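A short worksheet on the structure shown next.
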Amino acid sequence: MTLGFQSRYVNGAAGTVDRVNEFLKTHGGRLVFLGGTGTFLTLISPLDTDALPFLWRWTYWVGLLFLGGGAGELSERLLTRLAPGLSTFPRYALITAMVSVPVTLAVIAIQAAVGPMPSLLQIPIYYFFVFVISAGVSTLTWMLERPDQTTNGTGPGRALTDKLPVRLRTADLLALESEDHYLRVHTSRGDALILMRLSDAMAAAESLEGAQTHRSWWVARAAIDHAEKAGGRAELTLTNGLKAPVSRSFYADLRDKGWI
1 MTLGFQSRYV NGAAGTVDRV NEFLKTHGGR LVFLGGTGTF LTLISPLDTD ALPFLWRWTY
61 WVGLLFLGGG AGELSERLLT RLAPGLSTFP RYALITAMVS VPVTLAVIAI QAAVGPMPSL
121 LQIPIYYFFV FVISAGVSTL TWMLERPDQT TNGTGPGRAL TDKLPVRLRT ADLLALESED
181 HYLRVHTSRG DALILMRLSD AMAAAESLEG AQTHRSWWVA RAAIDHAEKA GGRAELTLTN
241 GLKAPVSRSF YADLRDKGWI
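Sequential numbering from 1 applies to the sequence shown in the UniProt record's numbering.
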């Protein structure tokens, strides 16, 4: 019993460490960016926050930035599902507007906790200033995370990447999976559902070494961890644990390429 408990404890701890490492790998850059932006806002002290002690001011701005970052992540996922074909500018504008709502409510709640409750006429003013700051953060995020347009042959084309959420645009492309009229794009930072045909996406990814493995799947060569064949069926296990099927019509070609 003791050995079993210790084994489960060690395995659980190792799994937790792996999840933390994966989280930091995926979101570490964004966390540093939000913390740095919050520190910058602490120094310039907008919205009359210069009266607060430095530590409280820093906690205030960094906290609001992290709240906005979380709201932005949820807004991004919501728009990906509801409007997967939305172009870049409307997407950023909608995310900024959506993020500004909970952040404005947080600002009002903090103001009410430490001083007089803002009047109803002041709420639109608070929202406007929060929106301006959120728009600035969104613009900086786009500039930092957009694919390098001057680089050719190192990643998928913009016909594909422009349809992805910002957090996935510079990630490694692992696989493409067709789902009816939509396409699920699997990357090293997660996946997203977009409105695009598999054939168009494969054309956009032609600079990458990859191949179609099934009528509904395309896989990047670098994403393959290992291949398995059992019961007359083959599948490719990718570096993120995803399993991509290999149909008989594509099996011979992949075998000749040394993938299987």
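We put the CB at the ideal spot given by N, CA and C, even for glycine.
Just so you know, these numbers come straight off a predicted model, no measurement behind them.
- Bridge pairing for Gln-212: Trp-218 [DSSP].
- In the displayed model, Arg-91 falls within a helix according to three-state DSSP.
- Between Leu-198 and Leu-176, the CB-CB gap stays under 9 angstroms.
- Here the alpha carbon of Met-143 sits roughly 16 angstroms from the alpha carbon of Ile-95.
- Assignment of beta-bridge partners to Pro-245 by DSSP yields Glu-235.
- Residue burial is scored here from C-beta neighbours: Val-166 has at least 16 other C-beta atoms within 10 angstroms and is therefore classed as buried.
- Note that the C-beta distance between Leu-160 and Val-132 is not below 9 angstroms.
- With fewer than 16 neighbouring CB atoms inside 10 Å of its own CB, Lys-243 falls in the exposed class.
- Annotation: Ala-109 to Ala-234 spans about 57 angstroms, alpha carbon to alpha carbon.
- Taking the Cα positions, Arg-91 is about 42 angstroms away from Lys-229.
- The beta carbon of Ala-97 is closer than 8 angstroms to those of Phe-131 in its chain, skipping five residues each way along the sequence.
- Annotation: the continuous beta strand (DSSP E) that includes Ser-178 extends over 173–179.
- Bridge pairing for Ile-110: absent [DSSP].
- A Cβ-Cβ distance of about 12 angstroms is found for the pair Ala-220 and Glu-206, leaving them out of contact under the 8 angstroms criterion.
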